[in-house]
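Reading through the structure tokens given below for one structure.
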Amino acid sequence: TDHVVVYGTEGSFFAPRIWFTFRALGHDAKRVHLMQGSLEAWEEQGGKIESAPTTAIRASELDLTGQPRYLARDAKNVCNMEAVMSAVMEHQSLGESSTQERKEDSPPMILDPRGSSYAKGHMPGSVHIPYSSLVDPEDCLRFKPQSELQSIFDKAGVTKDRRIICSCGSGVTVCSLFAALLECGYDPDDISIYDGSWAEWKDELQAPKVVSSL
């Protein structure tokens with residue numbers, strides 16, 4: 001029931017991953033938020049901070065006798081390699097020119113927000129939406145205005161009647177893509193993050209890949 005706000009210092013692109021993890025593992029999505037901008041930006045705008053020393057909780061100090069507030073469950077909005085493999089195979093069997101009228105008949109779109117490493121290797125049929133295109137070039141924790149984000153998704157052909165799988169290099173920057181999609185009103189129930197991402201996919205011999213010869 002706690003209200004959680006996740007933030008980071010300049011360049012801390014892991015903050016969206018922490019925000020996503022809270023959501024995925026059962027925290028009320030209405031009570032966990034990702035702060036726009038860095039801690040430094042907060043200070044510059046007059047936000048108060050605490051500078052007194054603090055102590056992290058030690059494992060030996062945890063009280064494991066109380067009533068648990070979280071119940072074990074499978075992570076939400078997360079998919080495995082088998083789900084991605086199915087989507088890739090369906091894309092390949094249908095061909096790029098094939099269209100379906102209903103989203104349940106269409107394979108999920110695979111979105112990849114990596115930078116230059118995308119060109120070196122990616123999943124067949126995936127759509128490249130660089131993470132850097134979604135955020136303020138001066139502050140990676142501040143997203144561009146909603147209208148600009150929607151324009152980026154529109155140009156990439158990301159419609160709101162399709163399921164979406166997001167994959168990056170190691171499951172970190174992909175969480176910024178997830179946040180940007182939600183900001184634009186895409187249904188979270190239609191979006192999954194492939195947690196293993198390219199780090200897992202590239203090492204699977206049976207996984208089809210588009211790899212640069214350069």
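Residue numbers (my numbering): 1 to 214. Quick reminder that beta carbons are idealized off the backbone N, C-alpha and C, glycines included.
Query	Result
Length at least 3, wholly inside the region 8-69: the beta strand (DSSP E) runs in chain order	32-34
Rounded separation between D227 and Q206 - CA only	The chain is shown only over 1 to 214; residue 227 falls outside these bounds and no answer can be derived.
Per DSSP, the bridge partner or partners of V84	Answer by DSSP bridge pairing: none, since V84 is not bridged.
Backbone secondary structure at L141 - three-state DSSP	strand
Continuous beta strand (DSSP E) stretch holding L134: start and end	First-last for L134: undefined, no H or E at that position.
Three-state class that DSSP yields for D195 in the structure shown	coil
Pick from Q36, F22, F20 that is closest to E138, judged by C-alpha positions	Q36
Identity of the residues DSSP links to D189 by a beta bridge	The partner list for D189 (beta bridge, DSSP) is empty, contrary to what the question assumes.
Coil, strand or helix - V6 by DSSP	strand
Residue from H3, V32, Y131 whose Cα sits closest to the Cα of R142	Y131
Whole-angstrom distance between I152 and L177, CA atom to CA atom	11 Å
Cβ separation of I165 and V78, assumed to be a contact under 8 Å, to the nearest whole Å	10 Å between Cβ atoms; not a contact.
Classification of Y7 by the beta-carbon crowding that lies within 10 angstroms, buried from 16 upward	buried
V88 versus W198 - alpha carbon distance	14 Å
C166: first and last residue of the uninterrupted beta strand (DSSP E) it sits in	164-166
Beta-carbon contacts of V4 that lie in its chain and below 8 Å, excluding the five residues immediately before and after	F22, H27, R31, V32, H33
P208 (DSSP reduced to helix, strand or coil)	coil
Straight-line Cα distance separating E40 from P245	For the chain, the structure presents residues 1 to 214; residue 245 sits outside this window and is missing.
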